[in-house]
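Okay, structure first, notes after.
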Amino acid sequence: MGIKRKKIKKEREERMKEIMKGILTTVNSEEEQRLQDTQTLLNKLSPKVLGMHGKAGEKIMSRQESRYSTAS
Numbered sequence: 001m002g003i004k005r006k007k008i009k010k011e012r013e014e015r016m017k018e019i020m021k022g023i024l025t026t027v028n029s030e031e032e033q034r035l036q037d038t039q040t041l042l043n044k045l046s047p048k049v050l051g052m053h054g055k056a057g058e059k060i061m062s063r064q065e066s067r068y069s070t071a072s
């Protein structure tokens, strides 16, 4: 490879690293927001509703763990 090609390859790799940093930061920020939203929603539910849900033998799961919001 010529010097010019090596330089272009290195520049391309550096750009890709910067892009990946931005993607990871965005994903982490979205995940944090999703967790906060879930916690806020759970705090709004009354203990009675949560207790009834537990007595039915179900547990609350995140959508990432399963396609379903509840499981038996």
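When the letters of the sequence shown are read in order and numbered with the UniProt record's numbering, they come out as residues 1 to 72. Even for Gly, the Cβ is constructed at its ideal location relative to N, Cα and C. All figures in this text were calculated on a predicted structure; none of them were measured in a lab.
Inter-residue Cα distance where the pair is residue i and residue j
| i | j | result |
| --- | --- | --- |
| S69 | E11 | Caution is warranted here: a pLDDT of 45 is assigned to S69, below 50, making its placement in the model unreliable, and the coordinate value is therefore given only provisionally. Each residue's Cα considered, the two are about 45 Å apart. |
| E31 | K48 | 28 Å |
| K44 | R15 | 44 Å |
| I19 | K7 | 18 Å |
| V27 | Q36 | 14 Å |
| K9 | G2 | 11 Å |
| L41 | G51 | 15 Å |
| K17 | Q33 | 25 Å |
Beta-carbon contacts of residue i that lie in its chain and below 6 Å, excluding the five residues immediately before and after
| i | result |
| --- | --- |
| K21 | none |
Complete alpha helix (DSSP H) runs within the segment 9-57 (minimum length 4 residues, chain order): 47-55
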